[in-house]
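For reference, the structure is listed below as structure tokens.
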Amino acid sequence: MSRKADYIHQRGKNGIWYARLRVPSDLVKAFGKNEFSKSLLTSDERAARKKARSVIADWERQFEEVRQKPDMSSADAETLARAYYIQHEQADLAERDHRPIAARRESSIEEAMRRIAARTRQMKDTTIDPFKMLDHALDEIGNFDLSGMAFETRRFRLRELRAHLARREYALITHEAEALIDELSLPITRRSASNPDEDTAEFITLCDRLMRAEIELLERQNERDRGDFGGKPRDPMLRRGNFRLDLTSFEAIIEEQEKRSNRGVGGKKASSTFRKYRSITKEFTEWRKSSRAATVTREEVERWRDELIDAEFAPKTVRDKVSCIKAVLTWGQAHSNRSLFPDGLPLDRFELPELDEQDSADRTYTIAQAETILIAARSQGASYKRWVPWILAYSGARISEILQLTKEDFFQVGDDWFYHIRHGGDRTTKTKKSRKVPVHPALVEEGLIDFVSARPAGTLFTDARMDGNLRDWIRDEVLPDLPSPRPGPNHGFRHLFEDLRLGAIESDAAKYIAGRANKNSSADYGKSLAMLPALARQMANFPRFLTAAMK
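Written out as structure tokens, the structure is:
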């Protein structure tokens, strides 16, 4: 017996093959069924398999379309209804401003009648297309004030709309709903995917809200025909709320902020920061099954936070993830001039898990651990593993700053070597300042300058994912027995540098070398080349790793 795929099966006496596919659990509500099934119209298994491939592919395409489609809530339908009401109300007021005043109305009609009569006489004398004559007559009638006729038409439509709304019949408004969907390219489908003869729930909701808005609109117009221009909507839906539907995604907000950052607007951020924000927001949007930013609620983020805590994520991780969502929403609010959340950001004063006070020693390498890493680095073929730990150990710099170094950043003043950690263009530092760091004599002896000299122009370290790979290499291979919390090279070397510099390097010089914020402008090292020799002398005082006995 041939093996049967789980997506085809036979039915009936004739053994007709059917394709079938279970609907993903998160889409059952959207499609109204747990499984798709379709006859392949053949009893031949090989032919059935061939036909089933295209059928299954079409179903999977439908799944993907529904997943990618932005969700349209009842609140969104009400927003669209408010926009519809305001747009047509303004159009009605504008039309009334162009109606002829009473003194002019009768003379306008008389003039139009005279023009029609003149053209009628002309038609008797010459051969004129009667349809063209009819067009002229209709043009003149179009100039008449027909507000009286419009009043009666509106009264009739208002009566019918109310009756239909009470019965939840929406045929009178479907044309307007479809026109709105087309005009705004709304992610609303009229017909149900599971039953093409039925309207989708979101389309019905839109029709319902538009019908309520249309009823209020007609009531206002009839009031104005009676001279009452002070009427207000009675329907609570139209009294308050946003009238602009915002489909902005998290990705669109991050992309806009990244553009602003690259222009120097709103603070320069590293590309790694935006990658981190994209990763976290992707996790959040997949959890909530929507990429729309405007629909985020406080209660929703509270549920996500609690699920992260229940899943035993570290408090700092939970804080970082939620803070990322809050930051992106804050950007979106600023980009939209506060229209993304008209009632204010939903995450203001949001409660986050408290962090346990951590001893800085837990994040600092011991001298023995640092020397173990430096010895292991000597045997590494990858240049970033060979040299980045050594530069970190003798500078307290951040990994991202060292990975950006180029051959051209190294220069010599007298007998001393320096490298320029730059801020600007596509390079950035946390303090948003550049600095010139002395190369410790131990690094020169280790061969760093020889390595730099042998490299081609441009970036020194070019491997992919160097930051993460360096951290994993140290934790998994060099120091696998480190107790938790295991320090990474960024904090491990940085904190150790700050500890070892005590009594060796002045405080202001140490802050400058490590790239720490320093509010004391009088100690602004590196302002000119003249100050660099003194800085190099400070660096030379920093104690060496790997004494002669350990080498």
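By our numbering, the letter at position 187 of the sequence shown is numbered 187, and the numbering carries on one by one without gaps. The beta carbon of each residue, even a glycine, is placed where N, CA and C say it ideally should be. Everything numeric in this text was worked out from a predicted model, so none of it was measured.
Check                                                                                                                                                                          : Outcome
Exposed or buried, which one is P483 when buried takes at least 16 other CB atoms within 10 Å?                                                                                 : exposed
For the beta strand (DSSP E) holding L238, just list the boundary residues, first then last.                                                                                   : First-last for L238: P236 to R239, but that is the alpha helix (DSSP H), not the beta strand (DSSP E).
Express the C-alpha separation of G515 and R560 in angstroms, rounding to a whole number.                                                                                      : The structure shown has nothing for residue 560, since the chain only spans 1 to 551.
The beta strand (DSSP E) spanning K38 covers which residue range?                                                                                                              : E35 to S39
Give the DSSP-derived three-state secondary structure of K232 in the structure shown.                                                                                          : coil
If you measure between the beta carbons of R53 and F36, is that distance less than 9 angstroms?                                                                                : no
My output table needs one value for A370: the three-state DSSP class, helix, strand or coil.                                                                                   : helix
On the premise that R220 lies in contact with G227, defined as a C-beta separation below 8 angstroms, what is that separation, rounded to the nearest angstrom?                : About 13 angstroms separates the two Cβ atoms, so there is no contact after all.
For W17 versus D44, is the C-beta distance shorter than 9 angstroms?                                                                                                           : yes
Determine, using beta-carbon pairs with one atom in the region 421-432 and one in the region 497-512, whether at least three such pairs fall under 8 angstroms.                : no
Does the region 456-468 touch the region 429-440, meaning 3 or more C-beta pairs lie closer than 8 angstroms?                                                                  : no
Helix, strand or coil, according to DSSP, for S485 in the structure here?                                                                                                      : It is Pro, not Ser, that sits at residue 485 in the sequence shown. Correct three-state label for P485: coil.
For F497 and A77, what's the separation of their Cα atoms in angstroms?                                                                                                        : 59 angstroms
Can you give me the start and stop residues for the alpha helix (DSSP H) that Y384 sits inside?                                                                                : S383 to A393
Have a look at the DSSP bridge pairing and note the partners of P438.                                                                                                          : F418
Does DSSP put V265 in a helix, a strand or coil?                                                                                                                               : coil
Got a sec? Which residues, its chain only, sit under 8 angstroms from V318 by beta carbon, not counting five neighbours each side?                                             : R305, L308, I309, L352 and P353
Could you check whether V301 and I280 sit closer than 9 angstroms to each other, using their CB atoms as the reference points?                                                 : no
Label W417 either buried or exposed according to how many other C-beta atoms from any shown protein chain fall within 10 Å of its C-beta, with 16 as the threshold for buried. : buried
Between S395 and V437, which are expected to be in contact by the criterion C-beta below 8 angstroms, what is the C-beta distance as a whole number of angstroms?              : 5 angstroms
Ordered along the chain, which non-local residues of its own chain (more than five positions away) have a Cβ less than 7 angstroms from that of K321?                          : I280 and L308
Mapping the DSSP letters down to three states, classify V296 as helix, strand or coil.                                                                                         : coil
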